[in-house]
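A.B. asks:
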Amino acid sequence: MLNGRTILIVEDEPLVAFDLAAMVEGQGGVVCGPVPTVQEGLSLADSDSPAAAILDANLEDCDITQLALALIEKGTPFVIYTGTGLPEALARIHPDLPVIMKPAQTRVVVEAIDRRLELDNPAR
Numbered sequence: 000m001l002n003g004r005t006i007l008i009v010e011d012e013p014l015v016a017f018d019l020a021a022m023v024e025g026q027g028g029v030v031c032g033p034v035p036t037v038q039e040g041l042s043l044a045d046s047d048s049p050a051a052a053i054l055d056a057n058l059e060d061c062d063i064t065q066l067a068l069a070l071i072e073k074g075t076p077f078v079i080y081t082g083t084g085l086p087e088a089l090a091r092i093h094p095d096l097p098v099i100m101k102p103a104q105t106r107v108v109v110e111a112i113d114r115r116l117e118l119d120n121p122a123r
């Protein structure tokens, strides 16, 4: 499904991060991270140039607005997997961002990433 693409995982709950990583790898993806902070996510987004990302909305250091805007600027598709919804500032700027509410099966999250990749690159 993910065909060797690198997927950045930014999640501060270790069990959720581990589950997402296992599902990405199980679907043929390469895991970048997982990392628990926006700053680490920004660093990996720059250094590893992932094909897509899975982001928790609220992390150890702050909400993901800065990271989400950086990924949008880079053209990197992502989904937000959260129990709280979009941060208010991000929702005002980009109310149409893809959000999957926790709890959800990790398979659903990985399928959503695959769909986002397909939208960005239909001729794969």
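So the sequence shown is numbered by numbering that gives the first Met the number 0: it starts at 0 and just counts up by one. Glycine included, each C-beta is placed from N, C-alpha and C at the ideal position.
#1: Beta-carbon within less than 6 Å of ALA122's beta-carbon, same chain only, minus the 5 sequence neighbours each way: which residues are those?
#2: Run the CB neighbour count on LEU58, radius 10 Å, all protein chains shown included, and call it buried at 16 or more, exposed below.
#3: Identify the residues that DSSP records as bridge partners of LEU7: which are they?
#4: Measure the CB-CB distance between PRO97 and ALA111 and report whether it falls below 8 Å.
#5: Let me make sure I understand the geometry here. Which of ILE53, THR81, LEU41, PRO35 has the alpha-carbon closest to that of LEU116?
#6: Looking at the unbroken alpha helix (DSSP H) that takes in THR83, where does it start and where does it end?
#7: Helix, strand or coil for MET22? Go by DSSP, reduced to three states.
#8: Please work out which residues of its chain come closer than 7 Å, Cβ to Cβ, to ALA50, disregarding the five sequence neighbours upstream and downstream, and give them in chain order.
#9: Please report the distance separating the alpha-carbon of PRO33 from that of ALA20.
#10: Restricting to Cα atoms, I'd like to know which of LEU14, GLN26, VAL9, GLU12 is closest to VAL107.
#11: Count the other CB atoms within 10 Å of the CB of THR105; is the residue buried (16 or more) or exposed (fewer)?
C.D. replies: Taking the coordinates as given:
#1: Residue numbering aside, residue 122 sits at position 123 when the sequence shown is read from its first letter. Note that ALA122 scores a pLDDT of 47, beneath 50, so its modelled location is shaky and nothing firm can be said.
#2: Here residue 58 refers to the residue found at position 59 of the sequence shown. LEU58 should be labelled buried.
#3: Stepping through the sequence shown from its first residue, residue 7 is reached at position 8. LEU7 is bridged to CYS31, ALA52.
#4: Locating residue 97 in the sequence shown gives position 98, counting from the first residue. Locating residue 111 in the sequence shown gives position 112, counting from the first residue. A contact, by the Cβ cut-off of 8 Å.
#5: Here residue 116 refers to the residue found at position 117 of the sequence shown. When each option's Cα is compared against that of LEU116, the closest is ILE53.
#6: Within the sequence shown, the letter at position 84 stands for residue 83. Unbroken run through THR83: none, as it is neither H nor E.
#7: Indexing the sequence shown from 1 puts residue 22 at position 23. Reduced to three states, the DSSP call for MET22 is helix.
#8: To locate residue 50, count along the sequence shown from 1; it is residue 51. Within the same chain, ALA50 has close Cβ partners ARG4, THR5, ILE6, LEU116.
#9: Counted from its first residue, the sequence shown places residue 33 at position 34. Counted from its first residue, the sequence shown places residue 20 at position 21. The straight-line gap from Cα to Cα measures roughly 7 Å.
#10: Numbered from 1 along the sequence shown, position 108 holds the residue referred to as residue 107. Here the closest residue by C-alpha is GLN26.
#11: Along the sequence shown, read from residue 1 onward, the residue named residue 105 stands at position 106. By the neighbour-count rule (16 or more Cβ atoms within 10 Å), THR105 is buried.
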